[in-house]
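Enquirer: Please see the structure below; I have some questions.
Residue numbers (our numbering): 295 to 372.
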């Protein structure tokens, strides 16, 4: 539950509560299970995108620092 944002967390809890209610009534939990799966998949896609963006930004900063260091080194006396 910790990587979910508030909207995803609410949707997940709503689906779990609805599924539990349907189980106590002896009915099918198909829709609740589908909602849980959909919410989990959406969260996974969002987290993957955020992680990719962070890796790209880290690589950009490393490259920028290396270029600045190389430029400083080449412009010095020694």
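C-beta atoms are modelled at their ideal positions from N, C-alpha and C, and glycine is treated no differently.
All values derive from a computational prediction rather than experimental measurement.
Verify whether the separation of the beta carbon atoms of residue 337 and residue 297 is less than 8 angstroms.
Expert: Yes; because the gap between Cβ atoms is below 8 angstroms, this pair is in contact.
Enquirer: Classify residue 307 as helix, strand or coil using the three-state DSSP reduction.
Expert: Three-state result, residue 307: helix.
Enquirer: State the Cα-Cα distance for the pair residue 343 and residue 299, rounded to the nearest angstrom.
Expert: About 14 angstroms.
Enquirer: What's the C-alpha gap between residue 368 and residue 362?
Expert: Distance between the alpha carbons of residue 368 and residue 362: 10 angstroms.
Enquirer: On a CA-only basis, which of 303, 304 and 326 is nearest residue 314? Give me that one, please.
Expert: Comparing Cα positions, the closest option is 326.
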